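Asker: Shown below is the structure under consideration.
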Amino acid sequence: MKQLDDKEEKVLLAAKGSRKLFLALLSFFFFLTADFSSLFAQGWGRAASPASKEERMERKAFDLFQAGKIEKSLSCHEEIRKHFAAKFGLSHQRYIRAVVRHGWTYHRLGQSENAENLYMEALALAKKSLGPRHPESVRIVSYLAENDFARGRYE
Numbered sequence: 043m044k045q046l047d048d049k050e051e052k053v054l055l056a057a058k059g060s061r062k063l064f065l066a067l068l069s070f071f072f073f074l075t076a077d078f079s080s081l082f083a084q085g086w087g088r089a090a091s092p093a094s095k096e097e098r099m100e101r102k103a104f105d106l107f108q109a110g111k112i113e114k115s116l117s118c119h120e121e122i123r124k125h126f127a128a129k130f131g132l133s134h135q136r137y138i139r140a141v142v143r144h145g146w147t148y149h150r151l152g153q154s155e156n157a158e159n160l161y162m163e164a165l166a167l168a169k170k171s172l173g174p175r176h177p178e179s180v181r182i183v184s185y186l187a188e189n190d191f192a193r194g195r196y197e
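So the mapping is simple: our numbering equals the position in the sequence shown, first residue as 1, plus 42.
Here it is in C-alpha cells:
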C-alpha cells in the first residue's frame, strides 16, 4: 500500500469530511421537507391539521384493498361515493375521482366490465362539469384505454 504524504492525506481527509457534510445536509433537507411539507400544502403560519374525514375514508378503502379485504374495500368505496355525492355534488371533482378510484379497484381485481362502467360514468361527469380537455377527463380516458387493453381490445 502506498504511503501518503501530508498533502495527499489532507485532501483525503477533506474529501471524507465533505462527504459526511453532504450526507448530513441531505438528511437535514429530507427532515425539513418531510416536516414542513404539510405547512407548504396548507400555507405558512398554520399548524398541520389532521386528515379530513374524506381523506380518512379514502385511506381506509386503500388499506383494506392492500390487506386483501376486497369486499370491505368495495363497500367502503360505495360509502365514499355516497358521502361525496351528498357533500360535494355529482359534478364536483372529488366525487368524480371517487368514482374513478372505485373503478380502479374493480380494474385491479380483473373485473374490467364493472371498471369500464364506472370509468364511463366518471368520464361523462368530467366532460360535463370540467370539460373534455381538463386533465381529469384526459386521465379517465387513459384509464379506459388501459382497461380496454386488459380486455384485449386493441383498437
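Quick reminder that beta carbons are idealized off the backbone N, C-alpha and C, glycines included. This one's a predicted model, so the numbers in the text were calculated from it and none came from an experiment.
Determine contact between the stretch 103 to 114 and the stretch 126 to 135, defined as no fewer than three beta-carbon pairs at a distance below 8 Å.
Answerer: Output reads no: the stretch 126 to 135 does not touch the stretch 103 to 114.
Asker: Secondary structure at residue 127, three-state DSSP: helix, strand or coil?
Answerer: Within the sequence shown, the letter at position 85 stands for residue 127. It is helical.
Asker: From residue 165 to residue 182, what does the alpha carbon distance come to, in whole angstroms?
Answerer: Looking up residue 165 in the sequence shown gives position 123. Looking up residue 182 in the sequence shown gives position 140. Their backbone Cα atoms lie some 6 Å apart in a straight line.
Asker: Taking all protein chains shown into account, do 16 or more other C-beta atoms lie within 10 angstroms of the C-beta of residue 103, making it buried, or fewer, making it exposed?
Answerer: Numbered from its first residue, the sequence shown carries residue 103 at position 61. Label assigned to residue 103: buried.
Asker: Return the chain-ordered list of same chain residues with a C-beta closer than 6 Å to the C-beta of residue 128, the five sequence neighbours on each side being excluded.
Answerer: Indexing the sequence shown from 1 puts residue 128 at position 86. Excluding residues within five positions, none has a Cβ falling inside 6 Å.
Asker: Suppose you measure from the CA of residue 74 to the CA of residue 98; what does that come to, to the nearest Å?
Answerer: Here residue 74 refers to the residue found at position 32 of the sequence shown. Here residue 98 refers to the residue found at position 56 of the sequence shown. Unreliable placement is indicated for residue 74, whose pLDDT of 48 sits below 50; the coordinate value is still reported in the next sentence. So the two alpha carbons sit approximately 25 Å from each other.
Asker: For the alpha helix (DSSP H) containing residue 198, name the first residue and the last one.
Answerer: Residue 198 lies beyond the residue range present for the chain, which begins at 43 and ends at 197; the question has no answer from this structure.
Asker: I'd like the span of the alpha helix (DSSP H) that includes residue 137, first residue to last.
Answerer: Position 95 of the sequence shown, counted from the start, is the residue given in the question as residue 137. Run containing residue 137: 135 to 151, per the alpha helix (DSSP H) assignment.
Asker: Could you check how far apart the C-beta atoms of residue 147 and residue 119 are, in whole angstroms? I think they sit under 8 Å.
Answerer: Within the sequence shown, the letter at position 105 stands for residue 147. Within the sequence shown, the letter at position 77 stands for residue 119. Their Cβ separation, rounded to whole angstroms, is 6 Å, which keeps residue 147 and residue 119 in contact under 8 Å.
Asker: Roughly how many whole angstroms lie between the Cα atoms of residue 90 and residue 100?
Answerer: Taking the sequence shown and counting its residues from 1, one reaches residue 90 at position 48. Taking the sequence shown and counting its residues from 1, one reaches residue 100 at position 58. Here the model assigns residue 90 a pLDDT of 48, short of 50, so the residue's position is not dependable and the matter cannot be decided.
Asker: Taking the CB atoms as reference points, tell me whether residue 154 and residue 123 lie closer together than 7 Å.
Answerer: Taking the sequence shown and counting its residues from 1, one reaches residue 154 at position 112. Taking the sequence shown and counting its residues from 1, one reaches residue 123 at position 81. Cβ atoms of residue 154 and residue 123: not closer than 7 Å.
Asker: Check residue 106 in the structure and name its three-state DSSP category.
Answerer: Start at 1 with the first residue of the sequence shown, and residue 106 comes out as number 64. If DSSP states are grouped into helix, strand and coil, residue 106 belongs with the helices.
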